[in-house]
Amino acid sequence: MNFLQRTLDGWLDGSSYALVGIGIALTFGTLRRLNLAYGAGAMLAAYVGSWLFIKVGAPVWVVALCVVALAALIGLYVERLCFAPSQDNAHDGATRGSATSLGFDAREVVALASSFAIWMQLEQLAINLLPQHLNVFPSLAASAEWTVAGLQVRGDRLLLAVITVVLTLSLAHWLATSRTGLAWRAASMQRTAAHLVGIPVLRQQALAFAVACG
């Protein structure tokens, strides 16, 4: 029974890490872009949610919507500032030549370093907003503990695990069947070919960052 309880706890606790992995998979796995400011953006959005809950007294559903919307906007901000300028414009021959002389890796390092700088910026904004180390964040589900077949389960952790499973399966299906998902996969495999067949690569990249961070 102790083994089953620890296994269940590991699955429930690991759900939060899996959600982080989903966001990273969207940007790095499908578009080959590593966003170092990903965690800082999520933290700033959560801090704003805590501020709305503590200072304004906003209801839980308002806090949740604001956090998701702000996280998506932060993702767009990072993409526009760090990654969009480093992309090779497929219909500009001069840009292609300069990109070739610099090398693909050089442009990627610049984008990576820029996202690190944005990481520091977002972190400082969160510190200025709520200087305390620990802040109250509202829960969407009851934190009451239930006992099922001798196993102890908390409601909020169970909800998070269910959301993680649903999002993972939905994301896999969406990437495999939807036009947007196929466009993201095409851009990750061959950006130039994706552009030549009419896929707006930069627009799809911005959308991917917004969805991943939101």
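Going by this note's numbering, the sequence shown opens with residue 1021, and the numbers climb by one from there. We put the CB at the ideal spot given by N, CA and C, even for glycine. The model shown is predicted, which means the values in this text are computed figures rather than measured ones.
Of the candidates Leu1054, Trp1204, Pro1151, the residue whose Cα lies closest to the Cα of Phe1136 is Leu1054. CA-CA distance, Leu1093 to Arg1174, rounds to 32 Å.
Assignment of alpha helix (DSSP H) within the region 1025-1075, counting only whole runs of 4 or more residues, yields 1058-1071 in chain order. In this structure, Leu1171 places its C-beta atom within 8 Å of the C-beta atom of Leu1028. Counting C-beta pairs with one atom in each stretch, the region 1069-1086 and the region 1026-1042 have fewer than three that are closer than 8 Å, which means they do not touch. Contact between the region 1221-1229 and the region 1188-1208 is present, with at least three C-beta pairs closer than 8 Å. Going by beta carbons, Leu1191 and Ile1044 fall outside the 8 Å limit.
With respect to the 8 Å criterion, Ala1181 and Trp1081 are not classified as neighbours on the basis of their beta carbons.
One thing to note: Ala1196 has its Cβ no nearer than 8 Å to the Cβ of Leu1046.
In the three-state scheme derived from DSSP, where H, G and I count as helix and E and B as strand, Leu1171 is classed as strand. Leu1064 is classed as buried because its beta carbon has at least 16 other beta carbons within 10 Å across all chains shown. Following the DSSP letters along the chain, one finds Cys1233 inside the alpha helix (DSSP H) bounded by residues 1221-1233. Pro1158 has its alpha-carbon roughly 19 Å from the corresponding atom of Gly1061.
With a 10 Å radius around the Cβ and a threshold of 16 neighbouring Cβ atoms, Glu1165 comes out exposed.
Note that the C-beta distance between Gly1234 and Gly1095 is below 8 Å.
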